[in-house]
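S.K.:
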Amino acid sequence: MPDVVSPPIRQRIRTLVERAWATAEANGDVPALVGGTDRPAIEVAHPAKPEHGDVALNLAMKLARPLRRPPLELAMVLAAAIGAAGDDVVEAVEVAPPGFINIRLAPGFVAAELDVARAAGSAFGRLTAARP
Numbered sequence: 063m064p065d066v067v068s069p070p071i072r073q074r075i076r077t078l079v080e081r082a083w084a085t086a087e088a089n090g091d092v093p094a095l096v097g098g099t100d101r102p103a104i105e106v107a108h109p110a111k112p113e114h115g116d117v118a119l120n121l122a123m124k125l126a127r128p129l130r131r132p133p134l135e136l137a138m139v140l141a142a143a144i145g146a147a148g149d150d151v152v153e154a155v156e157v158a159p160p161g162f163i164n165i166r167l168a169p170g171f172v173a174a175e176l177d178v179a180r181a182a183g184s185a186f187g188r189l190t191a192a193r194p
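Per the numbering used here: the sequence shown = residues 63 to 194.
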């Protein structure tokens with residue numbers, strides 16, 4: 063088993079999106095949620111069509127109502143922030159109406175994740191139960 067196990071891909075993308083969202087808020091590109099509005103969960107899903115990328119986000123559509131901004135506008139701002147923060151994870155970020163954010167993972171990132179799975183062998187994906 064490898065000494066370092068990378069976090070699951072979905073969690074890595076969620077963290078990246080949270081960081082990009084916080085940066086966009088700090089820069090004033092996206093208004094901050096106010097009035098006790100909870101931050102919506104960042105759902106990382108497979109796009110309906112493979113040609114749309116590796117993962118899709120509907121975050122801009124969730125934010126449109128509380129921020130009173132068009133989802134497509136929010137998606138464009140968030141996509142730019144994700145692309146800027148994408149480091150080794152993201153190859154490309156695209157926006158699709160009505161406000162989806164589609165992400166293509168960098169080939170080097172995918173290869174590294176496959177190396178982690180290969181190195182783990184049959185232990186890959188197994189979790190150790192927490193003991194009380």
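Quick reminder that beta carbons are idealized off the backbone N, C-alpha and C, glycines included.
Kindly identify the DSSP beta-bridge partner or partners of Phe162.
M.R.: As a first step, residue 162 must be located in the sequence shown, where it is residue number 100. Partner(s): Ala158.
S.K.: If you compare alpha carbons, which of Thr77, Met123, Glu87 and Pro93 is closest to Ile163?
M.R.: Counted from its first residue, the sequence shown places residue 163 at position 101. Nearest C-alpha to Ile163: Met123.
S.K.: By DSSP, does Glu105 sit in helix, in strand, or in coil?
M.R.: On the sequence shown, residue 105 is found 43 positions in, with the first residue counted as 1. Three-state result, Glu105: coil.
S.K.: With 16 other CB atoms within 10 Å as the buried threshold, where does Gly187 fall?
M.R.: Position 125 of the sequence shown, counting from 1, holds the residue named residue 187. Looking at its Cβ environment, which holds fewer than 16 other Cβ atoms inside 10 Å, Gly187 is exposed.
S.K.: Going by C-alpha to C-alpha distance, which of Ala88, Leu121 and Val117 sits closest to Ile104?
M.R.: Within the sequence shown, residue 104 is the residue found at index 42, counting from 1. Taking only the C-alpha atoms, the option nearest Ile104 is Leu121.
S.K.: I'd like the list of long-range same chain contacts for Asp65, defined as Cβ closer than 6 Å, with 5 residues on each side in sequence excluded.
M.R.: Locating residue 65 in the sequence shown gives position 3, where the first residue counts as 1. Confidence at Asp65 is low in this model, with a pLDDT of 41, below 50, so its placement is unreliable and no value can be given for it.
S.K.: Look at Pro93 and Arg127 and say whether their C-beta atoms are less than 9 Å apart.
M.R.: Locating residue 93 in the sequence shown gives position 31, counting from the first residue. Locating residue 127 in the sequence shown gives position 65, counting from the first residue. For Pro93 and Arg127, no; Cβs fall outside 9 Å.
S.K.: To which residues does DSSP link Thr152 through a beta bridge?
M.R.: For this step, residue 152 is matched to residue 90 along the sequence shown. Correcting the residue identity first, residue 152 is Val in this sequence and not Thr. Per DSSP, Leu167.
S.K.: Distance cutoff 9 Å, beta carbons only. Does Val178 sit that close to anything in chain B?
M.R.: In the displayed structure, chain B is absent; only one protein chain is listed.
S.K.: How is Val92 classed by DSSP in three states: helix, strand or coil?
M.R.: Working through the sequence shown from its first residue, we reach residue 92 at position 30. Three-state result, Val92: coil.
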